[in-house]
Each structure stands twice: as C-alpha cells, then as structure tokens.
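Take a look at the structure set out below.
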Amino acid sequence: MKLKYAVQALALAGVVVVAQSAHAQLVKIDGSSTVYPISEAVAEEFQKAKKGAIKVTVGISGTGGGFKKFCRGETDVSDASRPISAREMKACGEAGIKYIELPVAFDALTVVINPKNTWIKELKVEELKKMWEPGAQGKVTTWNQVNPAWPNAPLKLFGPGADSGTFDYFTDAINGKEKASRGDFTASEDDNVLVQGVSRDVNALGYFGLAYYVENKDKLMAAPIVNKGASKAVAPSLETVMDGSYQPLARPIFIYVSDRSMNRPEVKEFIEYYLRHAPTLVKEVGYVPLSAQHYSQALKNFSSKKLGTGFGGKNEVGVRVEELLAREGKL
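Just so you know, we're using my numbering here: the sequence shown kicks off at 14 and counts up by one.
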C-alpha cells in the first residue's frame, strides 16, 4: 500500500461510490494523518467484505481538525494521535456529543534525517530540545549550534502543523509542554510533504509517525534516540516499542466513536470489524499492534458503551494501555 497515493485513490473511489450506490449506508471518519493509514486499510477491507452495502470515507484534517468536525456532529469516528483535549471535551459536551475512546495501535514518533547526513549517529532528547524549543526560534539555525561536533551548516526543520496530534505529543515529550515549539520550521498536516522535504535536503531533519518512515525508508534514515538519563540509543521499531525501550516517543493512538453513531448498525459493525482485524492491518501499514488482551478489552468497552476518555483532557507521556482501558471515562 503506497501512502502517497492513498488520498487520491480514496477520493476517486468516493466518486465511484456515489455513482454506484446513492443508498448505501455511510460511515464518516476524519482526523489524524498518523492514524489515517490504519483506518483507510480497515475501511478498504471492510467495504470489500460488505460488497458495497456499507461505504466508509476517511479524511485527513489532523487530530485537532478532526475533533472540530466530530464535536459538531459531522463525523461518526475521529482518528486521533493524541487524547481528546479539555477544550475539545468542552466543545463536544456543549454540542451534546458523547464518545467512546478506543486505542487501536502503538506508534513510534520517528525522527528522520537525509541518508547523506554523515554526522548523526544518534540524537539525545536534550539535543532535540535545543532544536525545537520555543527559545530556539531565529537563534539555533545551524547544526553546530546544537552540537559543536556537527557541521556549520543550516539546520532545516520539518514537522507537523499545529492541528496535528503528533505535534502535540512531540512537543510535550521533548519540550515538556504541548504546542511549545519554535515556529520557524516547514509545517504540514500532510506527512508526505515532510517526507519529500527531508529526502531532498542533506541538512534537513523532521518527525512523523513510524508508518511514513517505513513507507519511505529507501530515501530517509531514522535517528536512534537517547532518552534522558539513558546511556544507549534506541531505534524505532516494532520490537523496541513493544518492549518499552523506545522512549519518550512511543505512544498509543486512537479512534473516538460518537455515541449517536454507535447505535447505527453499520457503525457498530464497522468498529467491531476494526478492533478484530486491527492486529493484522496495523502491522501491514507499519505500526505496532496492541496485545490481544488490549483489543479484547477495547471490544468489551465498546460493547458496554463505556463513554468518556481515560485522560481527562491532558495527555500523558508513557501511559500503559491496560491502565488506560481500565480507567473510568470522563466527559
């Protein structure tokens, strides 16, 4: 599956769908570009299984943009690469939208460099902070300002835009506060734009979800990360996310299902299909599946209509999924 063609293919498929069956039941999804490859893969397989009886559309507005639509009642499911925020909880509450929070996979935020970069063998969290903290704006503009051993060459940064949950998580994990970041970098909600930027410039560095690195590893390099207090660099992979050694950039990613929508048979059937087939499809698109127990508990939470978020409006770096699934939901 080539991610760079996925949006175009989906758009074309949507045109065909309207022409073929104006009366098909419809499930609407929007939100995170990070979660998109998973939801798109599930939607594709589900629609094949239903043979046109149910149509699923998957958009990419970013996590924040997706929640805006979701809390206006415009979508059934919201893809999210971070938990719903306090502001978004309030917006949904004022609109009478309740929801179930379902983790669907692990992601490893991946810091990427150009393959011709010869000076980066690993990156310390402290070095990433020097590059990305708000105080670096307009001041830290060359590689040797971060580390004197690196060249006196321009530092070109690429990252997700402010509507992205990946941006929120990265800034929290690296800079200690969500959305605390320098603003003078090339930002895009489309991860393929970031891939192209880093792959074309030897002085570039960027970050995004693991799947986009896996899809483009022939033209990018992933930098191993040294966490604060650690002595060893760890590269992002299925194994290092599962064993907990890739920190602080490993995280769960989510879908949120509207309580209004979950009563519709087509939405209920789609979400059950999603959680049952996620272990296979998550791995196929380059992410790390949850455990069988996690998916089983998520299915139970969905079946029992366990409403609310386990976070209460604030993200947590390093949260354990089993603990999250067991928490009482907050709306």
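Glycine residues also receive a C-beta, built at the ideal position from the N, C-alpha and C atoms.
Contact belief for residue i with residue j at Cβ below 8 Å, rounded distance in angstroms
i      : j      : result
Asn12  : Lys169 : Within the shown structure, residues of the chain are numbered from 14 to 344, placing residue 12 beyond reach of any answer.
Gly79  : Gly44  : 3 Å
Gln150 : Gly196 : 6 Å
Gly323 : Arg340 : 4 Å
Phe183 : Val211 : Actually they do not touch by this definition, with Cβ atoms about 15 Å apart.
Phe315 : Pro96  : Actually they are not in contact, since the Cβ atoms of Phe315 and Pro96 sit about 17 Å apart, beyond 8 Å.
Val69  : Gln60  : 6 Å
Pro167 : Thr154 : 7 Å
Environment of residue i [buried if 16+ CB atoms lie within 10 Å]
i      : result
Asn188 : buried
Gly222 : buried
Gly242 : exposed
Arg264 : buried
Lys130 : Reading off the sequence, residue 130 comes out as Asn, not Lys. The residue is buried, with at least 16 neighbouring Cβ atoms inside 10 Å.
Thr179 : buried
Lys190 : exposed
Gly65  : exposed
Ala35  : Note that Ala35 scores 46 on pLDDT, short of 50, meaning its location in the model is unreliable; the coordinates nonetheless yield the value given after this. The residue is exposed, with fewer than 16 neighbouring Cβ atoms inside 10 Å.
Asp181 : buried
Asp231 : exposed
Arg278 : A quick correction: the sequence has Pro, not Arg, at residue 278. So Pro278 counts as exposed.
Asn127 : buried
Lys81  : buried
Gly148 : exposed
Glu114 : buried
Ser244 : exposed
Thr123 : buried
Lys15  : Summary for Lys15: the model assigns pLDDT 47, below 50, so the residue's position carries little reliability; its value from the coordinates is reported in the next sentence. Exposed, since its Cβ has fewer than 16 Cβ neighbours within 10 Å.
Glu335 : exposed
Glu202 : buried
Span separating the alpha-carbon of residue i from that of residue j
i      : j      : result
Lys143 : Val125 : 16 Å
Lys318 : Asp120 : 26 Å
Leu344 : Tyr308 : 22 Å
Arg273 : Asn328 : 25 Å
Arg289 : Gly72  : 22 Å
Glu135 : Glu146 : 19 Å
Ala104 : Arg333 : 27 Å
Asn157 : Ala311 : 47 Å
Ala291 : Glu139 : 35 Å
Val330 : Asp185 : 8 Å
Gly342 : Thr199 : 37 Å
Ala305 : Ala162 : 46 Å
Val239 : Tyr220 : 15 Å
Ser98  : Ser46  : 18 Å
Ala175 : Tyr226 : 20 Å
Ile284 : Gly257 : 28 Å
Ala235 : Gly109 : 43 Å
Asn102 : Ala246 : According to the sequence shown, residue 102 is Met rather than Asn. Near 37 Å, if we compare the C-alpha coordinates of Ala246 and Met102.
Ala54  : Val40  : 14 Å
Lys63  : Val280 : 13 Å
Val208 : Ala224 : 11 Å
Pro50  : Val298 : 6 Å
Asp204 : Val301 : 18 Å
Asp92  : Leu233 : 26 Å
Thr293 : Gln38  : 25 Å
Val90  : Arg100 : 18 Å
Ala248 : Asn276 : 42 Å
Tyr287 : Lys192 : 31 Å
Backbone secondary structure at residue i - three-state DSSP
i      : result
Arg340 : coil
Pro50  : helix
Ile110 : coil
Gly44  : strand
Pro147 : helix
Thr154 : coil
Thr322 : strand
Val159 : coil
Val71  : strand
Ser304 : coil
Lys192 : coil
Ala35  : Low per-residue confidence applies at Ala35: pLDDT is 46, beneath 50, and the placement is therefore not dependable, though the value from the model is reported in the following sentence. Ala35 falls in the coil class under three-state DSSP.
Phe83  : helix
Ile133 : coil
Ile238 : strand
Thr199 : strand
Ala62  : helix
Ile97  : coil
Asp204 : helix
Asp120 : strand
Val90  : strand
Arg333 : coil
Leu23  : The predicted position of Leu23 is uncertain, since its pLDDT is 46 and thus under 50; a value taken from the coordinates is nonetheless stated next. Correct three-state label for Leu23: helix.
Tyr18  : The predicted model places Tyr18 with a pLDDT of 42, which falls under 50 and marks its position as unreliable, so this point remains unresolved.
Val298 : coil
Lys103 : helix
Gly172 : strand
Cutoff 8 Å: residue i Cβ touching any chain D Cβ
i      : result
Tyr287 : Here there is only one protein chain, and chain D is not present.
So within the stretch 248-293, which uninterrupted alpha helix (DSSP H) runs reach at least 4 residues, ignoring any that extend past its ends? Taking only runs of at least 4 residues, the alpha helix (DSSP H) segments lying wholly in the stretch 248-293 are 251-255, 272-275.
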